[in-house]
Structure formats: structure tokens, C-alpha cells
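Residue numbering for the sequence shown follows our numbering, starting at 187 and increasing by one per position. Glycine residues also receive a C-beta, built at the ideal position from the N, C-alpha and C atoms. Here the structure is a predicted model, which is why all the values come from computation and not from measurement.
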Amino acid sequence: MKNIEKNLKYIKEVKTEDIEWTKLFGAYSCGRKIGEDIKNNNLLNLEILKNIRGEIEHQSTLWTLTPFTMIFLIRQLEKEYGEKKKEYCYILKIYKLIVETIKDIKNLAKEILENF
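Structure representation (C-alpha cells):
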């Protein structure tokens, strides 16, 4: 099995309790609270989503907490949103922010390394 297949399998099958959230860091704290929020199915609480956004991206910095949190946010998007349209839109804004940050970092690295 190739690495990409292993990674996709991990992303598909990983459970909240498989991740050592206290060893992952965000902008202001370790990932313990985010891990608890995910485990307790609190990803459709706008206040919690705003906290998550502030932890996984800050001033164009992505933290060790980011990829693991994104797995569960994307899983949430795969479900029906029912009455939580506003919260689903906020998850999409977080996703867009992460994609734009990665794009900016990639472009910046290209500029910095242009002479090498």
C-alpha cells in the first residue's frame, strides 16, 4: 500500500480517542479542549467553531492541531446540516482559510527560494 493510500485510510478511519490531543498545539493552548469538543459532538456550536478557528490558524500560521482538527470538521460537512446552516457555513469558512493559508505559504516559499 502506498503512503497516500495509508494516509487516506488513516483519515477515513481515525477516531477521536486515537489522537493524543494534549500533544498537539494550537495558537493558544494544547488540543485537549478541541479533542473533547469533537468527542462530545460539539462541532455545530458556533462559539466552539470560532474557538477552533482561532486555535488552528493564527496570523497565517498553521499549528500541529490543524490537520487532525480538519479531519473531523470535514467529516462534519459530510453529514446533513438540518437547522445548522450557519454553523456549516462557518466550517466552510475555516476550510477556505486553511486552503488560502497553505496557498500563501506555498507562494511565499517559492519567492524565498527563488534564488536557490
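Requested in this report: Report, in whole angstroms, the separation of the C-beta atoms of residue 234 and residue 212, which I expect to be a contact under 8 Å.
Outcome: Contact doesn't hold; Cβ gap of about 13 Å is too wide.
Requested in this report: Would you give the residue range spanned by the alpha helix (DSSP H) that residue 262 belongs to?
Outcome: Here the alpha helix (DSSP H) through residue 262 covers 251-263.
Query raised in the report: Sorted by chain position, which residues of the same chain lie with C-beta nearer than 6 Å to residue 225's C-beta, five sequence neighbours on each side aside?
Result: 202
Query raised in the report: Under a Cβ-count criterion, where at least 16 other Cβ atoms within 10 Å of its own Cβ denotes burial, should residue 255 be classed as buried or exposed?
Result: buried
Query raised in the report: Exposed or buried, residue 218, counting other C-beta atoms within 10 Å across all chains shown (16 or more means buried)?
Result: Exposed, by the Cβ-count rule.
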